[in-house]
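Quick notes on the structure that follows.
So this is what it looks like as structure tokens:
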């Protein structure tokens, strides 16, 4: 099959956060052979390819201005499922929603999931995503048993811990720069009920937050913190943590119904009354400084009242918090939103995150959401981003009016993170500069990545707006 | 060959991107400088690569990785689709397209040089058609962007001294009008600039020269029209009145005038 670069295939694609967009030739292969034909087209024309899963990256990771974007959402078959041992074989375009809905009634759950269920497994692998249980179970790729990838030159490689093991630890996390995963074999986690037992605890300041997370991390499967980013002074970094564990009561049979889909489906109404589809309207009304102060204060007050309470929640409900309000990004239109997620080693975290929160308040640009997680190092991967420490994700409204100020603030935040020996995560980035990106990645890993790029993609066919923005050296061969 | 690196798009600090065809000298070069000063990343195209390269180097000294030059002869219309694709890919986006290529040869009624007339039509009109057939759908798919065609007040009426030049510019005006009617509903602005005489090499071929504008003034006024998303603009503006009068002079008078 010979493809042409047809201007009829030109489409405008948006970053999920809608903070940027790019026009590209979009191809949607349904098989690995069709994918290879697109690679051949790129070889022939010298026009580069960016790989796109479900397009859920906040920034420009899956955009490729005026060049080709291979959208893998049509390669979305679950090819084999074994309920006996929880091993699933699937194509990269399968979303986490498809995956858990397929497996939960048999008592299995994806061990690492993002905050939304609409990401694709190919995207999760390419970015080597993390969940709220990162310090326990590691990144997404830790649970891949084997994958097959097509390299830009056309060759097909099978990678596992024993076969092509260097690529097994390089392609996941390499943000689509080395090859395109066309099939994966994943090991899921055994669950006995579809529930988690959640304990909610309030923390009066950042130090207490970090302490609470560490105290609960050994006894819990998931820990996630919410921070009131509007609170200053002695209350700087106050918030709430949710520590959750898989619910395994002695009589699991009594809770068997919790494994059914209807028990897992997210509610169509929030608090039993508000239609979830219009929740973004409420968020939009609150998306300003007084609104955010009020919302944060109310949430913190609720956290104080809730302190110490334990309750049962569905796995989907606990993990996919972002999906409670469908299309919540509409609250940020027309400028969109960006997320700044920084990973700081345990020793520097308290000082570093204090500075970050303080800097946002000084700049009068309040994050709309601030989320804290705990991590374990992922240095076994060629491109890694997790230290033994914490991460803080800050959402910002990217209003056109305040973009310049926001940009300056983010540059300042990046400096703080780099000074604290922190790292960044490309799946969410929209604002890093080459210097900060390289400082985050480190000189040696960048060299390794360059060598792998030379080996897997000598003609530089795999590129994205993100890769050109952050690591122009990677494409120096142009 | 390593190609000139162009600054990658940054989500929070977007730089608009423009292609200027016919930028090696005169109004095209001046407009390129003006657009660059306004923050654009530019690709300059034209026949004379050394001049274009010089211009791109000058602009890259001001802001690194913001200008790139391509050699292109608009008469070779078959090369346009591939070139357009490559330039857009190199630029990393397209927000503004300016068609500035134009030539004017004196027409001697005694010789009626057909080759020169056809060349004028090819450069002034057919090249624009070839480019805009590529650019139009691109901007339409984006639902935004702007196309600027540099026409001439000489295109308002057929002039006895330069019939082919008048026809090429009149054709360009009408083509741009059609394109405007097609694209404006998709959010794309099509601006026709009707230029009065400008102090460029082209003036050497004019019958007479009346208060020519400097290329810099013309560029500033064209930028103003771009910024305000105007549809049809006389540059300099004071000639709009002359244009209006000219358009309405009845033929039985016009054909007797020495215009």
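Residue numbers (this note's numbering), protein chains in the order written: chain A, 1 to 478; chain B, 479 to 737.
For each residue, glycine too, the CB sits at the ideal point set by N, CA and C.
Pairing residue 665 of chain B with residue 675 of chain B, the inter-Cα distance amounts to about 31 Å.
Residue 67 of chain A is not a Cβ neighbour of residue 28 of chain A, given a cutoff of 8 Å. By the Cβ neighbour-count rule, residue 121 of chain A is buried, with 16 or more other Cβ atoms within 10 Å of its own. Proximity of chain B to residue 412 of chain A at the Cβ level (cut-off 8 Å) is not reached, the minimal Cβ distance being about 13 Å. Apart from the 5 residues on each side of it in sequence, residue 21 of chain A sits with its Cβ closer than 6 Å to the Cβ of 12, 14 in its chain, given in chain order.
Here residue 556 of chain B is exposed, its C-beta having fewer than 16 other C-beta atoms within 10 Å. Approximately 6 Å separates the beta-carbon atoms of residue 381 of chain A and residue 172 of chain A; this is inside 8 Å, confirming the contact.
Per DSSP, reduced to three states, the secondary structure at residue 361 of chain A is helical. Residue 606 of chain B has a beta carbon lying at 8 Å or more from every beta carbon in chain A. For residue 488 of chain B, the residues of chain A that pass the 7 Å Cβ criterion are 469, in the order they occur in the chain.
Taking all protein chains shown into account, residue 18 of chain A has 16 or more neighbouring C-beta atoms within 10 Å of its C-beta and is therefore buried. Remark: C-beta atoms of residue 717 of chain B and residue 631 of chain B approach each other more closely than 8 Å. Judged by their CB atoms, residue 320 of chain A and residue 423 of chain A are not nearer to each other than the 8 Å cut-off. Within the segment 1-13 of chain A, those residues whose Cβ lies closer than 9 Å to any Cβ of chain B are, in chain order, 5, 7, 8, 10, 11, 12. With respect to chain A, the C-beta atom of residue 563 of chain B has a partner C-beta closer than 8 Å. Within 9 Å of the CB of residue 620 of chain B, the CB atoms of chain A belong to 10, 12, 21, 23, in sequence order along the chain.
The beta carbon of residue 187 of chain A sits closer than 7 Å to the beta carbons of 86, 87, 143, 145 from its chain, once the five residues preceding and following it are set aside; these are given in chain order. In the three-state DSSP reduction, residue 631 of chain B falls in the helix class (H, G or I). Interface criterion not met: the Cβ of residue 597 of chain B is under 8 Å from no Cβ in chain A. With respect to chain A, the C-beta atom of residue 529 of chain B has no partner C-beta closer than 8 Å. The Cβ atoms of residue 366 of chain A and residue 229 of chain A sit closer than 8 Å to each other. Distance between residue 438 of chain A and residue 471 of chain A, taken at the CA atoms: about 7 Å. Taking 8 Å as the cut-off, the Cβ atoms of residue 371 of chain A and residue 393 of chain A count as close.
Secondary structure note for residue 12 of chain A: its beta strand (DSSP E) is the uninterrupted segment 10-14. The beta carbon of residue 517 of chain B sits no closer than 8 Å to any beta carbon of chain A. In this structure, the straight-line span from the alpha carbon of residue 655 of chain B to that of residue 670 of chain B is close to 8 Å. DSSP, reduced to helix, strand and coil, places residue 562 of chain B within a helical segment of the structure shown.
At a beta-carbon threshold of 8 Å, the residues of chain B lying near residue 406 of chain A are 490, ordered along the chain.
Pairing residue 322 of chain A with residue 115 of chain A gives a Cβ-Cβ distance under 8 Å. Between the C-alpha atoms of residue 488 of chain B and residue 465 of chain A there is a straight-line separation of about 8 Å. Residue environment for residue 271 of chain A: exposed (fewer than 16 other C-beta atoms within 10 angstroms of its C-beta). Contact of residue 398 of chain A with chain B is assigned, a C-beta pair being separated by under 8 Å. Membership of residue 243 of chain A in the beta strand (DSSP E) is indicated by the continuous run 239-246.
What residue 494 of chain B touches in chain A, judged by beta-carbon distance under 7 Å, is nothing: the nearest beta carbon there is about 13 Å away. Within chain A, the residues placing a beta-carbon under 7 Å from that of residue 567 of chain B are 47, 66, 67, ordered along the chain. Its chain contains 25, 26, 27 as the residues whose beta carbon lies nearer than 8 Å to that of residue 9 of chain A, once the 5 sequence neighbours on both sides are disregarded; these appear in chain order.
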